[in-house]
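Under our numbering, the final residue of the sequence shown carries the number 399; numbering is consecutive throughout.
Ideal Cβ positions, reconstructed from N, Cα and C, are used throughout, including at glycine.
Treat the numbers as computed from the prediction; the structure is a model and nothing was measured.
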Amino acid sequence: MSHLASNYKRRKISFKKGKGSFLFSVDGKRYLDFLSGIAVNTLGHSNPRLIKALNYQAKKVWHVSNSFQIPEGENLAKKLANRTFADKVIFVNSGAEANETAIKIARRYFFSIGKPYKNRILCIKNSFHGRTLANIFASGSKKMTEGFGPKVSGFDHFKYGDIKSLKSKITKKTAAIFFETAMGESGIKVHSKKFLRQVKKICNDKKILLILDEVQCGIGRSGKFFAYEYANVKPDIVPIAKGIGGGFPLGAVLMTKKVSICMTPGTHGSTYGGNPLAMAIGNTIMDEIFKKGFLKNVRENSKYFLGQLNNLKKKYPYVIKEIRGIGLLIGIQLKVEMGSFIDKLTKNKLLTIRAAENVVRILPPLNVKKKEIDLALKIIDKVCSDYKLQ
């Protein structure tokens with residue numbers, strides 16, 4: 010009997026080691042890992058540069074309180090600011106914590122400028138921002154919030170991609186508009202450049218904040234460092250996590266100087282946020298992502314992968330409904346039952362994960378090799394061929 014709670018439906022596979030894009034199970038089987046811990050393992054498994062960085066830092070200092078200056082954190086914050094819109098950074102441990110912090114910052118900002126009534130956050134209906142109390146009610150999902158009442162107030166919702174719906178929900182109490190730049194858990198749905206620019210204009214006109222959740226789609230996953238770069242918009246707050254830690258728990262909130270002024274001493278804290286071990290990994294991830302050609306390679310692999318998947322869609326129109334994605338955040342929307350399809354992929358040694366709208370989510374490491382993409386395509390082709398035209 011396992012003493013772990015049953016809040017996860019775990020697959021009956023466990024792993025003893027990983028190398029690059031592959032995981033090796035305790036019974037000696039090799040799996041192509043195109044799940045990457047759900048967009049976490051930016052550089053794959055057992056990356057030698059990450060191991061070196063962690064070992065080096067571990068011999069110096071593991072943890073100190075944020076009561077003291079942490080040079081490694083100063084360094085990472087500078088790198089993030091230099092590469093983005095941001096002037097200031099708060100380090101946390103996870104995506105859920107980063108999103109909670111972003112909500113706090115938006116509300117605190119208007120409080121600090123004498124408008125405490127502006128405290129409502131406008132989000133997309135049936136979205137995903139994590140599983141803490143505030144975040145599940147921000148999602149507007151009945152399934153996620155069931156049994157966790159009373160309702161955490163302060164959130165309003167509009168329909169995905171619907172500017173008219175968004176405009177109709179804005180009131181004098183609206184503090185911010187908050188959504189994923191490219192939605193992961195919700196079914197790999199990528200907002201158009203036009204939509205992002207329209208939302209930014211609305212925020213400017215209404216003098217409200219724009220929070221873009223890049224926990225899953227950020228840190229190179231889209232083919233650019235952040236997905237919002239494609240639309241050339243400037244957000245006010247961006248929560249990040251997952252890929253910035255490469256497997257080590259690390260998150261952050263990026264913000265403009267204007268917004269950051271409200272976060273005075275005592276307004277927020279995190280025991281492990283900015284931990285020297287985490288900072289060593291984050292700094293190394295940044296250095297690797299911004300090596301010449303890295304992000305270009307992500308975009309090239311994405312173009313190839315999406316193109317080949319669309320060829321499979323044409324080959325198996327009775328299996329595949331739509332190919333979605335940006336960069337290496339990819340989804341296959343199916344016409345057949347998703348769970349059994351994922352099981353078949355797993356039996357053929359390809360690891361993926363589900364998303365909403367009957368979508369199989371594919372999230373390879375960002376340094377994946379073309380021959381590994383070809384192997385994944387071969388497996389997907391084989392699984393599709395198991396289904397017969399009705």
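Looking at the strands, I want to know which residues DSSP matches up with residue i.
i: glutamate 194; result: For glutamate 194, which the question treats as bridged, DSSP gives no partner whatsoever.
i: leucine 263; result: Val98 and Val247
i: phenylalanine 235; result: Note: phenylalanine 235 sits in no beta bridge, so no partner.
i: glutamate 366; result: According to DSSP, which records beta bridges pairwise, glutamate 366 is partnered with nothing at all.
i: histidine 54; result: Gly29
i: valine 199; result: Ala191
i: serine 34; result: Phe24
i: leucine 360; result: Asp42
i: isoleucine 371; result: Ile339
Would you decide whether residue i is buried or exposed? Buried here means 16 or more other CB atoms lie within 10 Å of its CB.
i: serine 311; result: buried
i: asparagine 367; result: buried
i: leucine 221; result: buried
i: aspartate 42; result: buried
i: glycine 282; result: buried
i: tyrosine 327; result: exposed
i: isoleucine 122; result: exposed
i: arginine 140; result: exposed
i: leucine 263; result: buried
i: proline 374; result: buried
i: isoleucine 22; result: exposed
i: glutamate 346; result: exposed
i: asparagine 108; result: buried
For residue i, collect the residues of the same chain with a Cβ closer than 7 Å to its Cβ; drop the 5 residues on either side in sequence, then sort them by chain order.
i: glutamine 66; result: Pro285, Leu286 and Ala289
i: leucine 44; result: Leu360, Thr361, Ile362 and Leu372
i: proline 244; result: Phe94, Leu219, Ile220, Leu221 and Tyr237
i: glycine 353; result: It is lysine, not glycine, that sits at residue 353 in the sequence shown. Cβ neighbours of lysine 353 beyond the five flanking positions: Val392 and Asp395.
i: valine 161; result: Leu142, Ala143 and Phe146
i: arginine 117; result: Cys271, Met272 and Thr276
In terms of residues, what are the limits of the beta strand (DSSP E) holding residue i?
i: alanine 185; result: 183 to 189
i: leucine 354; result: Looking at the DSSP string, leucine 354 is not in any beta strand (DSSP E); the run it does join, the alpha helix (DSSP H), is 347 to 356.
i: arginine 39; result: 39 to 42
i: phenylalanine 167; result: 164 to 167
i: leucine 386; result: Where leucine 386 is concerned, there is no enclosing beta strand (DSSP E), although the alpha helix (DSSP H) it sits in stretches over 379 to 394.
i: aspartate 296; result: Run containing aspartate 296: none in the beta strand (DSSP E); it sits in the alpha helix (DSSP H), 285 to 298.
i: arginine 129; result: 129 to 133
i: isoleucine 341; result: 338 to 343
Could you name the residues of the same chain whose beta carbon sits closer than 6 Å to that of residue i, not counting the 5 residues immediately before and after it, in chain order?
i: lysine 192; result: The sequence given here places methionine at residue 192; lysine does not occur at that position. Contacts found: Lys198.
i: glycine 291; result: Leu85, Ile253 and Leu259
i: methionine 153; result: Ile145
i: leucine 32; result: Phe24, Tyr40 and Asp42
i: valine 377; result: Ser30
i: tyrosine 2; result: The shown model of the chain, from 10 to 399, leaves out residue 2, and the question about it has no answer.
i: threonine 402; result: Nothing in the structure corresponds to residue 402, since the chain is present only between 10 and 399.
Taking the continuous alpha helix (DSSP H) assigned at residue i, which residues delimit it?
i: glutamate 309; result: 303 to 324
i: valine 208; result: 202 to 215
i: isoleucine 47; result: 45 to 48
i: leucine 175; result: 172 to 178
i: serine 15; result: Premise fails: serine 15 is in no alpha helix (DSSP H) and is neither H nor E.
i: isoleucine 112; result: 104 to 121
i: isoleucine 220; result: It is not in any alpha helix (DSSP H) - isoleucine 220 instead sits in the beta strand (DSSP E) that spans 218 to 222.
i: glutamate 331; result: Glutamate 331 -> not in any alpha helix (DSSP H); beta strand (DSSP E) instead, spanning 329 to 335.
i: methionine 153; result: 151 to 154
i: proline 80; result: 80 to 92
i: alanine 147; result: 142 to 148
With a CB to CB cut of under 8 Å and the five nearest residues on each side skipped, what residues in its chain are close to residue i?
i: isoleucine 294; result: Thr51, Leu52, Leu59, Ile228, Gly252, Ile253, Gly254 and Gly255
i: tyrosine 313; result: Lys379 and Ile382
i: isoleucine 351; result: Thr361, Ile362, Arg363 and Val369
Are three or more beta carbon pairs between the segment 250 to 259 and the segment 47 to 64 nearer than 8 Å? Yes, they touch.
Counting beta carbon pairs with one atom in the segment 110 to 130 and one in the segment 68 to 87, are three or more of them shorter than 8 Å? Touching, no, given that fewer than three Cβ pairs across the two stretches are closer than 8 Å.
Contact between the segment 16 to 28 and the segment 305 to 323: three or more CB pairs below 8 Å? In short, these stretches do not touch, since the Cβ pair count stays below three.
For the segment 312 to 329 and the segment 386 to 394, state whether three or more C-beta atom pairs, one from each stretch, are separated by less than 8 Å. Segments in contact, yes.
Meets three-Cβ-pair contact criterion under 8 Å: the segment 229 to 246 and the segment 202 to 210: The count of Cβ pairs closer than 8 Å, one atom from the segment 229 to 246 and one from the segment 202 to 210, reaches three, so the stretches are in contact.
If we count Cβ pairs, one from each stretch, closer than 8 Å, do we get three or more for the segment 91 to 101 versus the segment 267 to 279? Contact holds between the segment 91 to 101 and the segment 267 to 279, because three or more Cβ pairs, one in each stretch, are under 8 Å apart.
For the structure I just gave you, are there three or more beta carbon pairs, one from the segment 133 to 140 and one from the segment 155 to 165, closer than 8 Å? Contact between the segment 133 to 140 and the segment 155 to 165 is absent, because fewer than three Cβ pairs lie under 8 Å.
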